[in-house]
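Remarks on the structure that follows.
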Amino acid sequence: MGYTLLKALIKHVEEYQKKHSSEKIEDFIVWLNNELFASKGQPHTSHDELLIAFKLMHLNKSLKKEAKSVLSQSKVSSIDEYSFLLHLGFQESFRKMEIVELHNLEGPTGIDIIKRLIRNRLVEEFPDEEDRRAKRIKITESGIRELNGLKPKMDSIFSRFTEPLTLNEKIQISGILDKLNG
Numbered sequence: 001m002g003y004t005l006l007k008a009l010i011k012h013v014e015e016y017q018k019k020h021s022s023e024k025i026e027d028f029i030v031w032l033n034n035e036l037f038a039s040k041g042q043p044h045t046s047h048d049e050l051l052i053a054f055k056l057m058h059l060n061k062s063l064k065k066e067a068k069s070v071l072s073q074s075k076v077s078s079i080d081e082y083s084f085l086l087h088l089g090f091q092e093s094f095r096k097m098e099i100v101e102l103h104n105l106e107g108p109t110g111i112d113i114i115k116r117l118i119r120n121r122l123v124e125e126f127p128d129e130e131d132r133r134a135k136r137i138k139i140t141e142s143g144i145r146e147l148n149g150l151k152p153k154m155d156s157i158f159s160r161f162t163e164p165l166t167l168n169e170k171i172q173i174s175g176i177l178d179k180l181n182g
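Number 29 in the UniProt record's numbering belongs to position 29 of the sequence shown; there are no gaps in the numbering.
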């Protein structure tokens, strides 16, 4: 046995490590995929970045539009509100600004979302024992019921959204999006 494939893989790993500091296998796989399958000879243009940004914005709007149809029949009015509830369903509580920053929102926007959730009695706020200036929020029983009713419908939207992708493609795009969010 000549180990031809293993030798070729080792050469790619060495080349990758000369140019990159990341030791994550996902980053290596994305790089290797680009090395092996990216079209050679086509010049890179700033139009490429514009196209990627436009496609991401379009996907975001499509997802929000689909979610809006489900959310219109609930006390939750946006995908951000749903996401806040979802995170609060997994963790006992968050400081207000902690959950706002987790969602990459501006402070006033995140606080408005929290106010709507409080007004609809889906979350409640209470003082933070460690920092008297801060407030914490947690999901209420009503919020849990609302989340449990919405989750199967939202999961269905998310599944349909990624349905055209194979498992391998889902892994690849997740790695690529992590890199863009990094």
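We treat Cβ as the ideally placed atom computed from N, Cα and C, and that holds for glycine. Every value quoted in this text rests on a predicted model; they were computed, and no experiment measured them.
List the residues that DSSP assigns as beta-bridge partners of residue 76.
Bridge partners of residue 76: none, in fact.
Identify every residue that forms a DSSP beta bridge with residue 49.
Answer is none; residue 49 lacks a bridge partner.
Between the segment 96-104 and the segment 161-172, are three or more C-beta pairs nearer than 8 Å?
no
Within 10 angstroms of its Cβ, does residue 133 collect 16 or more other Cβ (buried), or is it exposed?
exposed
For residue 77, which residues in the same chain have their Cβ closer than 8 Å to its Cβ, ignoring the five residues on either side in sequence?
71 and 116
Between which two residues does the beta strand (DSSP E) holding residue 136 run?
135-139
Would you list, in sequence order, the uninterrupted beta strand (DSSP E) runs of no fewer than 3 residues that lie entirely inside the UniProt domain "HTH marR-type" (49-182)?
123-127 and 135-139
Thinking C-beta only, is residue 144 closer than 8 Å to residue 94?
no
Does the Cβ-Cβ distance between residue 111 and residue 123 come in under 8 Å?
no
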